[in-house]
Amino acid sequence: MYRFRTSAKPVLKPLMARLQTTATPEKLFDKILIANRGEIACRVIKTARRLGIKTVAVYSEPDVNSVAVRMADEAICVGPAKSASSYLNIERIMEAVKQTGAQAVHPGYGFLSENKLFCEALDEAGVTFIGPGFHAIEAMGDKIESKQIAIDAGVNTIPGFQGVIQDETEAVKVANDIGYPVMVKASAGGGGKGMRVAYNDAEVREGYRLSKEEAANSFGDDRMFIEKFIEDPRHIEIQLLADKHGNFVAFPERECSIQRRNQKVIEEAPSMLLDDATRLAMGEQAIMLAKKVGYTSAGTVEFLCDKHKNFYFLEMNTRLQVEHPVTELITKVDLVEQMLRIAAGHRLPEWMTAGPLKIHGWAMESRMYAEDPLRGFLPSIGRLLKYNEPHHLPGVRVDSGVTEGSDISMHYDPMISKLITHGKDRKECLERMKFALDHYVIRGPGHNAAFLQDVYRHPRFEAGTITTKFIAEEYPDGFQGVQLTPPQKREIIVAGAAMHIKALQASQAPLAATKPKVLKTLPVSANCELRHVTSASKVPRFQVRLLTPTASVPSAKELAAHIPQSSAFELYVSADGPFGDATLLKLVELEVSEDHFVLCAWLDGDFVVLSDIEWPINAPLFTAEISDKARALQVLQVLPEGFRVQHHGAIHDVVVRTPAEHALASHMKPKPKVDLSRFVQCPMPGLLVSVAVHAGDEVQLGQEVAVVEAMKMQNVIRAAKKGVIKSVSHQAGASLKVDDIIMEFE
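Going letter by letter, the sequence shown gives residues 1 to 746 in full-length UniProt numbering.
This is the structure:
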């Protein structure tokens, strides 16, 4: 068996625990209710618990076993799965407040967090809303009104039509008056819903129709407006806090330009674009707007910035943002704590309002979504069969509301968690994010980790030359999967060989205790020699013996140069499945010291060293130092001839064979592929909203044939080819599973 070097790892203080707290002798609240679910409910509970505040969770019937319910001191069911009957049900939540005696309510984000009626109901009941007043919520929640307020406050705004668009015809007229491209937006929209970019009349009509329906379903308000679309912008936002005593503070900016369909995917703080002067100006305008509406609590003013650092008001979110952790990590401020303090009537700390806040390093956040990037990022649902968060790594924080066994439901937002990293600069922060994604084990529903890996390794992202069009420009045909470089593929090959050897050794464990015998001695230098010893493994083992106690141990490469490759153990390894090209590896084991073993491999004229190998048999993660670089490969499945692994987001079937097995395999032929091109299949679980064609209809390539709603988003299904419809299998109103056949071509 391999024995591996063990070193005492430093106990890392969790990033959440490093946030600066405010000593408040004044009383806050005895008990608060969190009117939300998932990771944000858990996030609020953590801070409340640290402050000695008891918490009440509300939950829908499917969420009865959720992490938030288990974390809270009390939990109340507020209805069935449908959001309108549970998390959006003001009456039921107010009953829970009364039943538990909660003194205040934190709304989280989404759901009722920006609902004026909910805020008013709490006010009438004498319960504190941990957020702004309902007048600010109403003013900023209406994008038409908020834009006018911004203009009145002297804030830079985007040119557009100040009014409600009544129908598609008016939408087309207004769009032409403004000039393409335009953004068709719902007045009450948010979170990427109810908005679409249009470059022509047809896109305006479709965007108006779909966005209006989404807004009605998600927000109960289908009013639409149109404004000029700023091309190639960056999305940069300013977090602010305001207390009830007239004190305001603007935080360093967050860069939120990596978006897909106007939904943020990656956020970082600070931005590579801004200089101190622009940062200060944006903060000043954010505070000007907040003062205009008498704002209190945490809020975020979003701007679009062009390459010349000109910035324009986009909207104000009157709640805690999903991406608030990156601001917390670069300022060391617990924003949830400050929201609680402000709601209880306390002033902002003097050190916070004394001047610009210092920026401590760099932070990034990845939104981990349950979706399938290879199928147009369509939502995915299911149970988390295996789930391991990488929060043990340096500079890593994970905000989640799930655990192994949790269900990702089609009824709610598909976000699994938020993976956040912090470093002394952007480079260190980015490397920590890549490493953390390699370690993040998520099995069950599809997820976007591979796509995130690809974005983070993209030269343009690494350089920071990003805009809101980054994904559209760099992935014009959608995400096609991660393509590994030759050196990265080589890492998969040697890791596969190491796992194969580990499995061999595990099967021969009883023999491993036998004391090794020296078979041969190989001189290395006057101070060092190698002793070829017997081993329970098929891999030859060589012990390093220093002849002079004070001598240093040569490198593995120097030692291996004295070992005849003819004595090595041979394996053929393919990183591309049973029919891919195989590489011949020649392997030996070096026992450098009593507790330090390394595996040496010759392949394709190169030499690779693996050390600190950690892989308990059948564990989901293989870690090792490969040529002095820390690597983590996910082991998705043990195959009959090898392993299905994931490296930097790329999935490969690694086949490991002996020379004899390799010779026999050369006579095997691959199975023919099944042609499914004549079927239109449902790409996600969801509700079939409409079917646009009938049997016998002739359709064109790209023509809309159906609309499926999932996770509150409407997804247009288009014909992948020109042809005639032979049959339609489902009608509007049907609940569909992934790959259900909607219709068939002749």
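The C-beta atom is built at its ideal place from N, Cα and C for all residues, glycine as well.
Nearest residue (CA-CA) to residue i, options the options
i	options	result
residue 66	37, 541, 48, 472	37
residue 373	701, 599, 436, 445	445
residue 499	571, 547, 522, 249	571
residue 219	110, 207, 653, 529	110
residue 59	188, 412, 216, 280	412
residue 429	478, 366, 406	366
residue 332	363, 314, 354	363
residue 422	360, 348, 526	360
residue 532	525, 526, 519	519
residue 558	148, 101, 530	530
residue 744	681, 342, 434, 486	681
residue 679	671, 730, 669	730
residue 604	596, 586, 619, 598	586
residue 73	79, 546, 42, 282	42
residue 267	127, 613, 464	464
Near the ligand FMN: residue i beta-carbon under 8 Å from a heavy atom
i	result
residue 399	Looking for the ligand FMN in the displayed structure turns up nothing, as the structure carries no ligands at all.
Cβ-Cβ separation, residue j to residue i (assumed contact under 8 Å), whole Å
i	j	result
residue 621	residue 637	About 13 Å; that fails the 8 Å criterion.
residue 186	residue 146	Not a contact, Cβ separation roughly 13 Å.
residue 55	residue 34	6 Å
residue 408	residue 420	20 Å between Cβ atoms; not a contact.
residue 53	residue 71	Rounded, the Cβ-Cβ distance is 13 Å, inconsistent with contact.
residue 539	residue 589	5 Å
residue 741	residue 717	That pair is no contact at about 12 Å.
residue 378	residue 683	5 Å
residue 140	residue 293	6 Å
residue 316	residue 336	About 19 Å separates the two Cβ atoms, so there is no contact after all.
residue 624	residue 573	With a Cβ gap of about 15 Å, residue 624 and residue 573 do not count as contacting.
residue 81	residue 69	About 15 Å; that fails the 8 Å criterion.
residue 314	residue 153	About 14 Å; that fails the 8 Å criterion.
residue 215	residue 142	Rounded, the Cβ-Cβ distance is 12 Å, inconsistent with contact.
residue 556	residue 600	6 Å
residue 103	residue 31	6 Å
Residue burial classification, residue i (beta-carbon count within 10 angstroms, cutoff 16)
i	result
residue 611	buried
residue 269	buried
residue 276	exposed
residue 617	exposed
residue 583	buried
residue 3	Here the model assigns residue 3 a pLDDT of 30, short of 50, so the residue's position is not dependable, and the following value carries that caveat. Exposed is the call here.
residue 105	buried
residue 17	exposed
residue 696	exposed
residue 239	buried
residue 549	exposed
residue 94	buried
residue 195	buried
residue 468	buried
residue 115	buried
residue 752	As shown, the chain starts at 1 and ends at 746. That puts residue 752 outside it, with no answer to give.
residue 389	buried
residue 593	exposed
residue 183	buried
residue 97	buried
residue 167	exposed
residue 84	exposed
residue 735	exposed
*Taking 8 Å as the threshold, find out whether the stretch 84-97 comes into contact with the stretch 427-442 through three or more Cβ pairs.*
When Cβ pairs closer than 8 Å are counted between the two stretches, the stretch 84-97 is seen not to touch the stretch 427-442, the count staying below three.
*asked:* Across the stretch 380-389 and the stretch 453-460, are there enough close Cβ pairs to call them in contact, namely three or more that are closer than 8 Å?
replied: no
*Cβ contact (3+ pairs, closer than 8 Å) linking the stretch 296-314 and the stretch 391-406*: no
_Contact the stretch 152-171 vs the stretch 318-331: 3+ CB pairs below 8 Å_ = no
*asked:* Pairs of beta-carbons, one from the stretch 284-298 and one from the stretch 256-267, closer than 8 Å: are there three or more?
replied: no
*Run through the stretch 188-233 for me and flag every whole beta strand (DSSP E) of 3 or more residues, listed as ranges in chain order.*
193-198, 224-228
*Indicate whether the contact test is met: 3 or more Cβ pairs, each with one atom in the stretch 709-729 and one in the stretch 661-674, closer than 8 Å.*
no
*asked:* With three or more beta-carbon pairs closer than 8 Å as the criterion, would you say the stretch 557-564 touches the stretch 467-474?
replied: no
*asked:* Counting beta carbon pairs with one atom in the stretch 594-609 and one in the stretch 682-695, are three or more of them shorter than 8 Å?
replied: no
*asked:* Whether or not the stretch 222-231 and the stretch 160-169 are in contact is what I'm after, with contact meaning three or more pairs of Cβ atoms, one per stretch, closer than 8 Å; do they touch?
replied: yes
*Any chance the stretch 241-260 sits against the stretch 706-716, with 3 or more Cβ pairs inside 8 Å?*
no
*asked:* Using 8 Å as the cut-off, can you tell me whether the stretch 474-488 makes contact with the stretch 638-656, which would need three or more C-beta pairs spanning the two stretches below that distance?
replied: When C-beta atoms of the stretch 474-488 are compared with those of the stretch 638-656, three or more pairs fall below 8 Å, so the two segments count as touching.
*Note down, one range per segment and in chain order, each beta strand (DSSP E) of at least 3 residues found wholly within the stretch 548-594.*
569-574, 582-593
_To test your reading of the DSSP string, which unbroken beta strand (DSSP E) runs of 3 or more residues are found completely within the stretch 410-463?_
415-423, 441-443
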